[in-house]
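K.L.:
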Amino acid sequence: MAKPILLSVDDDSDVLRAIERDLRSQYGAEYRVIGSDSPAGALELLKQLKVRNDGVALLLADQRMPNMDGVGFLQEARQIYPEAKRALLTAYADTKAAISAINQANIDYFFMKPWDPPAEHLYPQLNDLLDDWQASYRPAFEGIRVLGTRWSPRSYELRDFLARNHVPYQWIDVELSANDPETKRLLEALGPEASNLPVVLFPDGTKLLESVPADVAQKVGLRTRAQTDFYDLAIIGGGPAGLAAAVYGASEGLHTVMIEREAPGGQAGMSSRIENYLGFPAGLSGGDLARRAMVQAQRFGVEILSQEAVGVRTEGPYRIIKFADNNEISCHALMIATGVQWRRLEAPGIDRLQGAGIYYGGGTTEALSCKGEIIYVVGGANSAGQAAMNFAKYAERVVILVRGDSLSSTMSQYLIDQINEMSNIQLWTHASVAEGHGESHLEEISVLCSDTGKVERVPASAMFIFIGALPRTDWLASVVERDERGFILTGPDLIRNGQRPKGWTLDRDPFLLETNIAGIFAVGDVRHGSVKRVASGVGEGSVAVQFIHQYLSKV
Ligand SMILES: Cc1cc2nc3c(=O)[nH]c(=O)nc-3n(C[C@H](O)[C@H](O)[C@H](O)COP(=O)(O)OP(=O)(O)OC[C@H]3O[C@@H](n4cnc5c(N)ncnc54)[C@H](O)[C@@H]3O)c2cc1C
């Protein structure tokens, strides 16, 4: 934990050195002692300390200084650090001014120069002041702080990124906490930069303005550059399938890299509670599952890259992956585990308000913000049911909108039973979203009721959409064979009329999870015909490693 600060200000360098020396010898173990030779410089320094979230225990200023006297400085400094103890250093001739400052400017104490011996004329009084200060001091949050507004899509994207990558941070909604004095002081210390939201403040005092996940990724140490340019096994996608392949690959001696553009965990990482994964009778959150799997993968030496793969090509036995920043790596075996992404809801207002009250997927970061509000969950599958259960802990009412007449054909019975138990979850059947309304954020939705043909317009603070998912594999179209919806074909699906895929030269059929390009495998939700479940993704990722060994033995 950073030590709180004792700041002394004096334009006379001899006096400044002497006071710093005495403060340090007595308090150096518990406090950081900093000196400044001008009030203006000290005020600037205080603003920087405020942005860094450092604690300031004492401000000690000489009364006689050019441009601004000690009392003036202490009064201004009070706007930035109101809780710091404030004391003046005065000459005998200034005693009167000091006494009136105590009365008028709320200064806590004044010390006479010279203060020798300090054990008599300085430390006893300072001990009292610092004891008082310590009694009400609450150490500030020391991690990353994100300043933004709830309805800003960019703020949402950033918070979601940090949460899903398990990077702890403190969220400061500058609109909601506009009347909070500490937030006001922080914004004042930031000055005009505070308008470049979202702003990310790091404990080392650096900041990112209008920040985006890629910049923050680098800053928090998520690796964006590969350590070498060649690997035995490269895995694109860090969902359950990719993570399992990484653990099995690396644990069996393959030099393995896993490339993930958002956050390890994939869709499963968005799940508030996975209840059907073997070995976890009480269920576990997707975030926990992802964190555990990542630790396991890293323990076996998997390199995890925070990058987006945008292209794949083959050169003889090498499979080459191109990243969004134009860097490339190559490998012998490539595994595609890119899963699926949410299908878009096509209705007016939806795209415009995405991230500002309308979200695709779980939005676990949003759950807390929904306290006491009415929110809508669109879709009738398990993912929608889990999200509704999670939001019901915070929201006043959660309404699930489904096109059909019940949940029974789309959701597992255990979830339907849980939902029925919740008095604040309501099911609205025969309903589909016709429009989203709101200026800067979602305020109302129009719902088309197919049984009556009427459109109802209802207030909504937030709407979470879970209406199925599709693989986004267009960037792989010229490399691997896909079905009409973009799912990648593997193994027996590639054999047509007894014929191996076009261009296939090996004297064996493609392995079970191998694509039409030898050495390129596809596992998990992205694979044609896969069972869309965590356990099956994990199973495919693990099994594929066996085929990779067989493939590598002949490369
Ligand atoms: C909210 C929710 C709840 C669910 N609950 C359950 C449950 O309780 N039980 C259950 O069994 N299943 C559940 N599922 C389904 C389960 O999560 C999925 O079947 C599983 O996550 C699929 O794993 P995957 O690794 O194949 O793909 P995904 O989990 O989709 O992971 C793919 C990853 O690849 C990354 N990626 C994509 N393209 C690129 C690229 N070009 N470059 C780099 N990275 C890329 C993505 O960012 C993503 O992280 C749930 C799904 C959701 C959405």
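Each step along the sequence shown adds one to the number in our numbering, with nothing skipped, and position 555 is 1750. Glycine included, each C-beta is placed from N, C-alpha and C at the ideal position.
Cβ of Pro1476 within 7 Å of any heavy atom in ligand 1?
P.N.:
The answer is no for Pro1476.
K.L.:
Let me check you understand the geometry: is the CB of Asn1471 closer than 7 Å to at least one non-hydrogen atom of ligand 1?
P.N.:
The answer is yes for Asn1471.
K.L.:
How big is the Cα-Cα spacing for Thr1285 and Gln1270?
P.N.:
So the two alpha carbons sit approximately 16 Å from each other.
K.L.:
So, for Asp1289: in the same chain, excluding its five sequence neighbours on each side, which residues have a beta-carbon less than 6 Å away from its beta-carbon?
P.N.:
Taken in chain order, the residues that qualify are Gln1258.
K.L.:
Please report the straight-line C-alpha distance between Arg1494 and Gly1736, rounded to a whole angstrom.
P.N.:
Roughly 18 Å between the two C-alpha positions.
K.L.:
Can you check which of these residues, Tyr1472, His1636, Gly1631, is closest to Arg1652 by C-alpha distance?
P.N.:
Among Tyr1472, His1636, Gly1631, the Cα nearest to that of Arg1652 is on Gly1631.
K.L.:
Is it the case that the CB of Val1452 approaches a heavy atom of ligand 1 more closely than 7 Å?
P.N.:
Checking the Cβ of Val1452 against ligand 1 gives no.
K.L.:
Could you tell me how far apart the beta carbons of Ile1683 and Val1721 are, in whole angstroms, since I believe they sit closer than 8 Å?
P.N.:
Right, the Cβ-Cβ distance comes to about 6 Å (below 8 Å), so this counts as a contact.
K.L.:
Please state whether the Cβ-Cβ distance between Ile1516 and Pro1459 is less than 8 Å.
P.N.:
No, the pair does not count as a contact, with Cβ atoms beyond the cut-off.
K.L.:
Using 8 Å as the cut-off, can you tell me whether the stretch 1507-1527 makes contact with the stretch 1710-1719, which would need three or more C-beta pairs spanning the two stretches below that distance?
P.N.:
Touching, yes, given that three or more Cβ pairs across the two stretches are closer than 8 Å.
K.L.:
Using a 10 Å radius around the Cβ and a threshold of 16 neighbouring Cβ atoms, would you call Gln1462 buried or exposed?
P.N.:
Buried, by the Cβ-count rule.
K.L.:
Specify, as a first and last residue, the run of the alpha helix (DSSP H) that Glu1541 falls within.
P.N.:
No alpha helix (DSSP H) holds Glu1541; DSSP gives it neither H nor E.
K.L.:
Given Leu1404, which residues of its chain have a CB within under 7 Å of its CB, disregarding the five upstream and five downstream residues?
P.N.:
Within the same chain, Leu1404 has close Cβ partners Glu1388, Asn1391, Val1394.
K.L.:
Does DSSP put Glu1388 in a helix, a strand or coil?
P.N.:
Residue state, collapsed to three classes: helix.
K.L.:
How many angstroms separate the CA atom of Val1251 from the CA atom of Glu1377?
P.N.:
Computed Cα separation, rounded: 14 Å.
K.L.:
For Tyr1472, name the three-state secondary structure that DSSP assigns.
P.N.:
Here Tyr1472 sits in coil by DSSP.
K.L.:
Need the endpoints of the beta strand (DSSP E) that Gln1365 sits in, please.
P.N.:
Run containing Gln1365: 1364-1368, per the beta strand (DSSP E) assignment.
K.L.:
May I have a chain-ordered list of the beta strand (DSSP E) segments no shorter than 3 residues that lie completely inside the stretch 1473-1540?
P.N.:
For the stretch 1473-1540, whole beta strand (DSSP E) runs of length 3 or above, ordered along the chain, are 1498-1501, 1504-1510, 1513-1518, 1523-1531.
K.L.:
Measure how close the beta-carbons of Thr1509 and Pro1666 come, nearest whole angstrom, since I'm counting them as under 8 Å.
P.N.:
Wrong, their Cβ atoms sit about 21 Å apart, outside the cutoff.
K.L.:
Would the stretch 1398-1414 count as touching the stretch 1432-1449 if we require 3 or more Cβ pairs under 8 Å?
P.N.:
At 8 Å Cβ cutoff, the stretches do not touch.
K.L.:
Can you give the Cα-Cα distance for Asp1326 and Leu1238, rounded to whole angstroms?
P.N.:
Answer to the nearest angstrom: the Cα atoms are 24 Å apart.
K.L.:
How would you write the range of the alpha helix (DSSP H) that Asp1328 sits in, first residue to last?
P.N.:
For the record, residue 1328 in the displayed sequence is Trp; it is not Asp. From DSSP, the alpha helix (DSSP H) with Trp1328 extends over 1318-1331.
K.L.:
Which residue wins for smallest C-alpha separation from Gly1557, given the options Gly1574, Gly1544, Ala1542?
P.N.:
When only C-alpha atoms are compared, the closest one is Gly1574.
K.L.:
For Asp1150, which three-state DSSP category applies?
P.N.:
Limits of the chain in this structure are 1196 at one end and 1750 at the other, which puts residue 1150 out of reach.
K.L.:
Answer yes or no: the CB of Arg1487 versus the heavy atoms of ligand 1, is any distance below 7 Å?
P.N.:
False, no ligand heavy atom lies under 7 Å from that Cβ.
K.L.:
With three or more beta-carbon pairs closer than 8 Å as the criterion, would you say the stretch 1364-1377 touches the stretch 1309-1326?
P.N.:
The answer is no - the stretch 1309-1326 does not touch the stretch 1364-1377, with fewer than three Cβ pairs under 8 Å.
K.L.:
Using only CA atoms, which one of Glu1634, Val1642, Ser1618 lies nearest to His1625?
P.N.:
Selected option, being the one with the closest Cα: Val1642.
K.L.:
How far does the beta strand (DSSP E) with Gln1621 in it reach, from first residue to last?
P.N.:
Here the beta strand (DSSP E) through Gln1621 covers 1620-1623.
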